[in-house]
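J.: I'd like to ask some things about the structure below.
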Amino acid sequence: MKRLITFAAAMIFSLGAHAATPSTESLEKLLAVTHVEKLLDAVRPQVQATTKLMMDQALQGTTVSPQEQKILDDFRAKAAAITDEEMSMDKMKPMYIRIYSASLTQEDVDGLIAFYESPTGQVVINKMPLIMQAIMGELPKLMAPMSKKMQQAGKEMQEQLEALKRKKAQ
Numbered sequence: 001m002k003r004l005i006t007f008a009a010a011m012i013f014s015l016g017a018h019a020a021t022p023s024t025e026s027l028e029k030l031l032a033v034t035h036v037e038k039l040l041d042a043v044r045p046q047v048q049a050t051t052k053l054m055m056d057q058a059l060q061g062t063t064v065s066p067q068e069q070k071i072l073d074d075f076r077a078k079a080a081a082i083t084d085e086e087m088s089m090d091k092m093k094p095m096y097i098r099i100y101s102a103s104l105t106q107e108d109v110d111g112l113i114a115f116y117e118s119p120t121g122q123v124v125i126n127k128m129p130l131i132m133q134a135i136m137g138e139l140p141k142l143m144a145p146m147s148k149k150m151q152q153a154g155k156e157m158q159e160q161l162e163a164l165k166r167k168k169a170q
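Structural data, given as structure tokens:
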């Protein structure tokens with residue numbers, strides 16, 4: 001009986017050890033080994049390019065004066081500075097630590113570190129930006145039909161609302 005209690009206690013303690021919250025140090029190592037800061041450095045220009053694209057689309061067909069262009073350019077520069085500041089590793093690191101800590105156990109983190117330090121893990125790390133860039137390059141082709149369908153659905157909704165409004169007015 002004593003052996004059974006000892007065994008049960010050992011099992012309970014070992015389960016607790018496997019579900020341990022990862023240490024901040026190990027999470028920081030995971031962030032370092034996965035080159036998260038480099039990923040952020042690569043994402044910021046994409047966010048800035050998206051901002052520029054959205055502005056260009058909003059202004060499509062509009063002629064702007066040199067003074068207006070200066071204001072738009074100043075805004076883009078400010079938006080880029082804000083993006084650089086808000087998406088810096090210093091600002092993002094606490095979020096990563098919090099989310100990883102809530103999502104992963106120490107055992108998970110240890111396994112991920114071991115994987116990403118391996119040659120195969122390094123291949124994933126080094127090729128993932130290229131893969132993501134290719135995916136991002138393909139997205140506009142996929143998004144264009146969806147955008148047209150959404151515009152059509154919006155147009156239909158607007159027509160239905162106008163018809164309802166006319167019906168109420170009668």
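First residue of the sequence shown? That's 1 in the working numbering, and the numbers climb one at a time after it. Note that CB positions come from ideal geometry on N, CA and C, so glycine has one too. The structure presented is a predicted model; accordingly, all values stated were derived computationally and were not measured.
Rounded to whole angstroms, what is the Cα-Cα separation between methionine 128 and serine 103?
T.: Locating residue 128 in the sequence shown gives position 128, where the first residue counts as 1. Locating residue 103 in the sequence shown gives position 103, where the first residue counts as 1. The alpha-carbon atoms of methionine 128 and serine 103 are separated by roughly 22 Å.
J.: Determine the DSSP secondary structure at valine 64, reduced to helix, strand or coil.
T.: Along the sequence shown, one-based indexing puts residue 64 at 64. Note: valine 64 maps to coil in three-state DSSP.
J.: Identify the continuous alpha helix (DSSP H) that holds methionine 136 and give its terminal residues.
T.: To locate residue 136, count along the sequence shown from 1; it is residue 136. Its alpha helix (DSSP H) spans residues 119-169.
J.: Whole angstroms is fine: what's the gap from leucine 39's alpha carbon to isoleucine 97's?
T.: For the purposes of this step, residue 39 is identified with residue 39 of the sequence shown, where counting begins at 1. For the purposes of this step, residue 97 is identified with residue 97 of the sequence shown, where counting begins at 1. One C-alpha to the other measures close to 16 Å.
J.: Out of Glu85, Glu159 and Thr24, state which residue places its alpha-carbon closest to the alpha-carbon of proline 45.
T.: Walking along the sequence shown from the start, residue 45 turns up at place 45. Checked all of Glu85, Glu159 and Thr24; the closest Cα to proline 45 is Glu85.
J.: For serine 118, which option in Ala19, Val33 and Lys167 has the closest C-alpha, if you only look at C-alpha atoms?
T.: One-based indexing of the sequence shown puts residue 118 at position 118. Comparing Cα-Cα distances from serine 118 to each of Ala19, Val33 and Lys167, the minimum goes to Val33.
J.: State buried or exposed for isoleucine 113, treating a residue as buried only when at least 16 other CB atoms are found within 10 Å of its CB.
T.: By 1-based counting over the sequence shown, the position of residue 113 is 113. The residue in question, isoleucine 113, is buried, as its Cβ has 16 or more Cβ neighbours within 10 Å.
J.: What's the call for leucine 30, buried or exposed, on a 16-neighbour Cβ count within 10 Å?
T.: In the sequence shown, residue 30 corresponds to position 30, counting from 1. With 16 or more other Cβ atoms within 10 Å, it is buried.
J.: Going by other Cβ atoms of all chains shown within 10 Å of its Cβ, with 16 needed for buried, is leucine 15 buried or exposed?
T.: The residue labelled residue 15 in the question sits at position 15 within the sequence shown. At leucine 15 the pLDDT is 49, less than 50, meaning the model places this residue with poor confidence; the figure from the coordinates comes in the next sentence. That one is exposed.
J.: For the alpha helix (DSSP H) holding proline 94, just list the boundary residues, first then last.
T.: Here residue 94 refers to the residue found at position 94 when the sequence shown is read from its first residue. Proline 94 -> alpha helix (DSSP H) spans 89-103.
J.: What did DSSP end up calling leucine 59 once you bin it into helix, strand or coil?
T.: For the purposes of this step, residue 59 is taken as residue 59 along the sequence shown, with counting starting at 1. Looking at leucine 59 - three-state DSSP - the assignment turns out to be coil, as it is neither helix nor strand.
J.: Run the CB neighbour count on leucine 142, radius 10 Å, all protein chains shown included, and call it buried at 16 or more, exposed below.
T.: For the purposes of this step, residue 142 is taken as residue 142 along the sequence shown, with counting starting at 1. Per the 10 Å Cβ criterion, exposed.
J.: Should proline 22 be labelled buried (16 or more other beta-carbon atoms within 10 Å of its own) or exposed?
T.: Taking the first residue of the sequence shown as 1, we reach residue 22 at position 22. Label assigned to proline 22: buried.
J.: For the alpha helix (DSSP H) that contains threonine 24, what are its first and last residues?
T.: To locate residue 24, count along the sequence shown from 1; it is residue 24. Run containing threonine 24: 24-33, per the alpha helix (DSSP H) assignment.
J.: Exposed or buried, what is leucine 164 when buried is set at 16 or more other beta-carbons lying within 10 Å of its beta-carbon?
T.: Along the sequence shown, one-based indexing puts residue 164 at 164. So leucine 164 counts as exposed.
J.: Look up threonine 83 in the DSSP assignment and say whether it is helix, strand or coil.
T.: Along the sequence shown, read from residue 1 onward, the residue named residue 83 stands at position 83. Three-state DSSP puts threonine 83 in a helix.
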